[in-house]
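**Student:** Here the protein sequences line up with chains D and A, keeping their order. Position one of the first sequence corresponds to residue -18 (my numbering), numbered consecutively onward. Position one of the second sequence corresponds to residue -18 (my numbering), numbered consecutively onward. Take this structure first; my questions come after.
Protein chains: 2
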Amino acid sequence: MNKHIKPTESELEILGILWERGASTVREVHEILEQSKEAGYTTTLKLMQIMHEKGILTRDASAKTHIYEANVSRERTQQQLLNKMIDTVYNGSATQLVMQALGHHRSSQEELDQIRQYLNEMEKKQK
Amino acid sequence: MNKHIKPTESELEILGILWERGASTVREVHEILEQSKEAGYTTTLKLMQIMHEKGILTRDASAKTHIYEANVSRERTQQQLLNKMIDTVYNGSATQLVMQALGHHRSSQEELDQIRQYLNEMEKKQK
DNA sequence: ATTTGATTACGAAGATATTCGTACAACACA
DNA sequence: TGTGTTGTACGAATATCTTCGTAATCAAAT
């Protein structure tokens, strides 16, 4: 089965936090969420419970305070969203997306080199 | 005023078509939409009417068959979605996104060169 | 043991998005 | 003029997402 991940906006925010922190309690997630967004605690709780029902999160409920963890990989989710975006918004051109991404974010010298190296490797493989 | 664009999934699909085709009738949009999605004609109509109400589309209603056009630029919308995506899903790293985009889409030699050239220009500007 | 604080469970309200049936208007042409 | 076709308007049903109040549960502190 090739599970089709389609997290909502709010769910993505929570996933982002769990990917960064790893397994966490609702309170921990909520406290980070609060920094950028106004929300009640039970709202965050409910969201995470629903995500658990959907299978997006796993949880350890052995202790009173449950511990949640992302059950979809960051990479898979990234790739899925990226593909969708290239398809609908960039009309299929990954190159367009790449250049726009580069154009609007200051990249360090190291990052530019990293990308260049990546390009070189890709070229070799093509031959 | 800096309008904050936040098209829904369905709206994005329609925008994508209008960006490609330019001003179009509901039927024209609908026929393209049908190729990748199942939907009734009136559903597409309603969506485009709502988008018009929201200001996402303009329309010429002088003739019986109305003609719709995107009222948000592709670039602005791309940038907005891209930023959001880099922020939440790529943890702020545009470089990560760029490499993943390159890694999963066969790029032609021309495209690779184009990107390299772009990198060089960016480097010059930095100094 | 009782109180206090933190946590989860549950349900429901509100908001938004999606879908489509039906009615009405305009047009085409036999 | 009458009939069929194509289009828009409108409203409503459905689905989904988001938010939060309240009650029940558990644990720690007094």
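Every residue, glycine too, gets a C-beta built ideally from N, C-alpha and C. Predicted model only: the values in this text are computed from it and were never measured.
Using only the alpha-carbon positions, how far apart do VAL53 of chain D and SER54 of chain A sit?
**Tutor:** The residue you call residue 53 of chain D lines up with position 72 of the first sequence. The residue you call residue 54 of chain A lines up with position 73 of the second sequence. Going by the C-alpha atoms only, they are around 33 angstroms apart.
**Student:** Just verifying my parser: in three-state terms, what is the DSSP assignment at SER5 of chain D?
**Tutor:** Along the first sequence, one-based indexing puts residue 5 of chain D at 24. Correct three-state label for SER5 of chain D: strand.
**Student:** Going by C-alpha distance, which of A:HIS85, A:LEU83, A:THR76, A:ILE96 is nearest GLN90 of chain D?
**Tutor:** Position 109 of the first sequence holds residue 90 of chain D. Of the candidates A:HIS85, A:LEU83, A:THR76, A:ILE96, the one whose C-alpha sits nearest the C-alpha of GLN90 of chain D is A:THR76.
**Student:** Mind checking which residues open and close the beta strand (DSSP E) that includes ARG40 of chain A?
**Tutor:** As a working mapping, residue 40 of chain A is identified with position 59 in the second sequence. Looking at the DSSP string, the run of the beta strand (DSSP E) that includes ARG40 of chain A is 38 to 41.
**Student:** GLU50 of chain D lies in the beta strand (DSSP E); which residues open and close that run?
**Tutor:** By 1-based counting over the first sequence, the position of residue 50 of chain D is 69. Unbroken beta strand (DSSP E) run through GLU50 of chain D: 48 to 51.
**Student:** To the nearest angstrom, how far is it from the Cα of ARG87 of chain D to the Cα of LEU100 of chain A?
**Tutor:** On the first sequence, position 106 is the one that residue 87 of chain D refers to. On the second sequence, position 119 is the one that residue 100 of chain A refers to. If I take the Cα positions, the gap works out to 12 angstroms.
**Student:** Compare the C-alpha of LYS106 of chain A against each of D:GLN16, D:GLU19, D:LEU93, D:LYS65 and name the closest.
**Tutor:** Mapped onto the second sequence, residue 106 of chain A falls at position 125. Nearest of D:GLN16, D:GLU19, D:LEU93, D:LYS65 to LYS106 of chain A, Cα basis: D:LEU93.
**Student:** Using only alpha-carbon positions, find the residue among D:LEU(-1), D:ASN72, D:GLN60 that is nearest to ILE48 of chain D.
**Tutor:** The residue labelled residue 48 of chain D in the question sits at position 67 within the first sequence. Minimum Cα distance to ILE48 of chain D is reached at D:LEU(-1).
**Student:** On the three-state DSSP scale, how would you describe ILE31 of chain D?
**Tutor:** For the purposes of this step, residue 31 of chain D is identified with residue 50 of the first sequence, where counting begins at 1. Helix.
**Student:** ARG57 of chain D to GLY3 of chain A, Cα distance in whole Å?
**Tutor:** The residue labelled residue 57 of chain D in the question sits at position 76 within the first sequence. The residue labelled residue 3 of chain A in the question sits at position 22 within the second sequence. Approximately 34 angstroms, taken between the alpha carbons.
**Student:** Between which two residues does the alpha helix (DSSP H) carrying ILE96 of chain A extend?
**Tutor:** The count along the second sequence starts at 1 and reaches residue 96 of chain A at position 115. Segment 90 to 107, the alpha helix (DSSP H) holding ILE96 of chain A.
**Student:** I want to verify the contact list: residues of chain A whose CB lies under 8 angstroms from the CB of GLU(-6) of chain D, in sequence order.
**Tutor:** Within the first sequence, numbered from 1, the residue matching residue -6 of chain D stands at position 13. The answer, in chain order, is THR69.
**Student:** Starting from the Cα of GLN98 of chain A, find the closest Cα among D:GLU9, D:MET80, D:ILE37 and give me that residue.
**Tutor:** The residue you call residue 98 of chain A lines up with position 117 of the second sequence. The candidate whose alpha carbon is nearest that of GLN98 of chain A is D:MET80.
**Student:** Which residue from A:ASP41, A:VAL7, A:GLY36 puts its Cα closest to that of LYS27 of chain A?
**Tutor:** Residue numbering aside, residue 27 of chain A sits at position 46 when the second sequence is read from its first letter. When only C-alpha atoms are compared, the closest one is A:VAL7.
**Student:** How would you write the range of the alpha helix (DSSP H) that ALA20 of chain A sits in, first residue to last?
**Tutor:** In the second sequence, counting from the first residue as 1, residue 20 of chain A sits at position 39. Unbroken run through ALA20 of chain A: none, as it is neither H nor E.
**Student:** Excluding the five sequence neighbours on either side, which residues of its own chain have a C-beta within less than 7 angstroms of the C-beta of GLN61 of chain D, listed in chain order?
**Tutor:** The count along the first sequence starts at 1 and reaches residue 61 of chain D at position 80. Here the set comprises ILE(-14).
**Student:** I want to see whether chain A comes within less than 8 angstroms of TYR99 of chain D, judged by CB atoms only; does it?
**Tutor:** If you number the first sequence from 1, residue 99 of chain D lands on position 118. With 8 angstroms as the cut-off, TYR99 of chain D counts as an interface residue toward chain A.
**Student:** Going by C-alpha to C-alpha distance, which of D:LEU63, D:LEU(-4), D:SER(-9), D:LEU83 sits closest to ILE37 of chain D?
**Tutor:** Taking the first residue of the first sequence as 1, we reach residue 37 of chain D at position 56. Residue D:LEU(-4) is the option with its Cα nearest to ILE37 of chain D.
**Student:** May I ask you to report which of helix, strand or coil DSSP gives ASN72 of chain D?
**Tutor:** The sequence position of residue 72 of chain D within the first sequence is 91, counting from 1. Here ASN72 of chain D sits in coil by DSSP.
**Student:** Report the option in D:ILE96, D:THR(-11), D:LEU83 whose CA atom is closest to the CA atom of GLY109 of chain A.
**Tutor:** Past the boundaries of the shown model lies residue 109 of chain A; chain A is included only from -18 to 108, so the question cannot be answered.
**Student:** Could you tell me which chain A residues have their CB closer than 8 angstroms to the CB of ASN72 of chain D, listed as they occur along the chain?
**Tutor:** In the first sequence, counting from the first residue as 1, residue 72 of chain D sits at position 91. Per Cβ cutoff of 8 angstroms: GLY(-3), TRP0, GLU1.
**Student:** In chain A, what lies closer than 7 angstroms to GLU92 of chain D by C-beta?
**Tutor:** Along the first sequence, one-based indexing puts residue 92 of chain D at 111. Going along chain A in sequence order, the residues near GLU92 of chain D (Cβ under 7 angstroms) are THR76.
**Student:** Would a check of beta-carbon distances place SER5 of chain D closer than 8 angstroms to chain A?
**Tutor:** Here residue 5 of chain D is taken as the residue at index 24 of the first sequence, counted from 1. Chain A, which has no Cβ nearer than 8 angstroms to the Cβ of SER5 of chain D, makes this no.
**Student:** Using a Cβ cut-off of 8 angstroms (strictly closer), state whether LEU83 of chain A contacts chain D.
**Tutor:** Here residue 83 of chain A corresponds to residue number 102 of the second sequence, with the count starting at 1. With 8 angstroms as the cut-off, LEU83 of chain A counts as an interface residue toward chain D.
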